[in-house]
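Student: The sequence shown lines up with residues 1 to 173 when you count with the working numbering. Built from N, CA and C at the ideal position, the CB exists for glycine as well. Model, not experiment: these values are computed from the prediction. Dumping the structure here so I can ask a few things about it.
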Amino acid sequence: MYNIIGRRKAFYLISGVFILIGLISLAFRGLNLGIDFTSGTLIQMEFGRTVEISEIEEVLGSPEAEELGISKFSVRLDSTRRIAMVRVNPISGAVQNSMMDLLSERLGPVTELSTDQVDPIVGQELVKKTVYALILASFGILVYVSLRFEPRFAVAGVLALIHDVLVVLSVFS
Numbered sequence: 001m002y003n004i005i006g007r008r009k010a011f012y013l014i015s016g017v018f019i020l021i022g023l024i025s026l027a028f029r030g031l032n033l034g035i036d037f038t039s040g041t042l043i044q045m046e047f048g049r050t051v052e053i054s055e056i057e058e059v060l061g062s063p064e065a066e067e068l069g070i071s072k073f074s075v076r077l078d079s080t081r082r083i084a085m086v087r088v089n090p091i092s093g094a095v096q097n098s099m100m101d102l103l104s105e106r107l108g109p110v111t112e113l114s115t116d117q118v119d120p121i122v123g124q125e126l127v128k129k130t131v132y133a134l135i136l137a138s139f140g141i142l143v144y145v146s147l148r149f150e151p152r153f154a155v156a157g158v159l160a161l162i163h164d165v166l167v168v169l170s171v172f173s
């Protein structure tokens, strides 16, 4: 049987190094937040034929799309592979029309079904509420485990939660 407790210092070291690298990456590169947390335009569109995500990404990553000012984007398709949800950095109506023309040119007929704008203020509010939820969850765990078991178990649980959050932040930075 493998002696995990006996090798705990090695595991502490590995975990610490991983978190340290992640925090350094976070400090220099920041988080790669999606459009929901920053700002952007969400366009739902229907294609005249079935398409693949890679086809749409190829068009949106092209020099022509870059000239339009499309720098960040993500694409999701529904199960029919005809309706796509495209998230892009904030763009004007004229740029959006040009983008739709470019997609039509390369992939065939495209119909815009809906468009939503996410403002930076909404994104900032989401980030703030996420941090509040993390603090509230930590406090709730601390109180519940302290009352139900022992305070030292509560502290260990919250430290484990903080560790997990730091690992996830490290991966996404």
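If I measure Cβ to Cβ from LYS72 and keep anything under 6 Å in the same chain, skipping five residues before and after, which residues do I get?
Tutor: Cβ neighbours of LYS72 beyond the five flanking positions: ASN89.
Student: Can you look up VAL51 in the DSSP assignment and give me helix, strand or coil?
Tutor: In the structure shown, VAL51 sits in coil (DSSP, three-state: anything other than H, G, I, E or B).
Student: Relative to the C-alpha of THR41, which candidate in MET85, PHE28 and SER62 has its C-alpha closest?
Tutor: The option with the nearest alpha carbon to THR41 is MET85.
Student: For SER74, which residues of its own chain have a beta-carbon under 6 Å away from its beta-carbon, when the five flanking residues on both sides are left out?
Tutor: Counting only Cβ-Cβ distances below 6 Å, and skipping sequence neighbours, we find ARG87.
Student: Can you find a CB in chain B that lies within less than 7 Å of the CB of TYR132?
Tutor: Among the chains in the structure shown there is no chain B, since it carries only a single protein chain.
Student: Quick one: what does DSSP say ILE121 is sitting in, helix, strand or coil?
Tutor: Helix at ILE121.
Student: Give me the Cα-Cα distance between ALA65 and MET100, rounded to the nearest whole angstrom.
Tutor: Computed Cα separation, rounded: 10 Å.
Student: Is the separation between the beta-carbon of LEU107 and that of GLU55 shorter than 7 Å?
Tutor: Going by C-beta atoms, LEU107 is nearer than 7 Å to GLU55.
Student: When burial is assigned at 16 or more other CB atoms within 10 Å of the CB, is PHE51 buried or exposed?
Tutor: Before going on, a small fix: residue 51 reads as Val here, not Phe. VAL51 is buried by the Cβ-count criterion.
Student: Considering only C-alpha positions, which residue in the set LEU136, ILE24, LEU134 and VAL158 is nearest to VAL145?
Tutor: Minimum Cα distance to VAL145 is reached at VAL158.
Student: Suppose only complete runs of 4+ residues qualify. What are the alpha helix (DSSP H) ranges in the region 30–113, listed by chain order?
Tutor: Entirely contained in the region 30–113, the alpha helix (DSSP H) runs reaching 4 residues are, in chain order, 53–60, 63–68 and 93–107.
Student: With a threshold of 8 Å on Cβ separation, who are the neighbours of SER173 within its own chain once the five nearest residues in sequence on each side are excluded?
Tutor: Only GLY22, SER25, LEU26, ARG29, GLY30, LEU31 and ASN32 meet the Cβ criterion.
Student: Cβ of LEU68 within 7 Å of Cβ of VAL95?
Tutor: Contact: yes.
Student: Are there 16 or more other CB atoms within 10 angstroms of the CB of ILE43, so buried, or fewer, so exposed?
Tutor: By the 10 Å Cβ count, ILE43 comes out buried.
Student: Using a Cβ-Cβ cut-off of 7 Å (strictly less than) and excluding sequence neighbours within five positions of GLU112, which residues of its own chain qualify?
Tutor: Taken in chain order, the residues that qualify are ILE43, MET45 and MET100.
Student: Using the beta-carbon count (16 or more within 10 Å), is PHE139 buried or exposed?
Tutor: Exposed, because fewer than 16 other Cβ atoms sit within 10 Å of the Cβ of PHE139.
Student: First and last residue of the alpha helix (DSSP H) that includes ILE162?
Tutor: First-last of the alpha helix (DSSP H) with ILE162: 151–172.
Student: With distance defined between alpha-carbon atoms, name the residue in VAL155, ILE4, ALA10 and PHE18 nearest to LEU169.
Tutor: The residue with the shortest Cα to Cα distance from LEU169 is PHE18.
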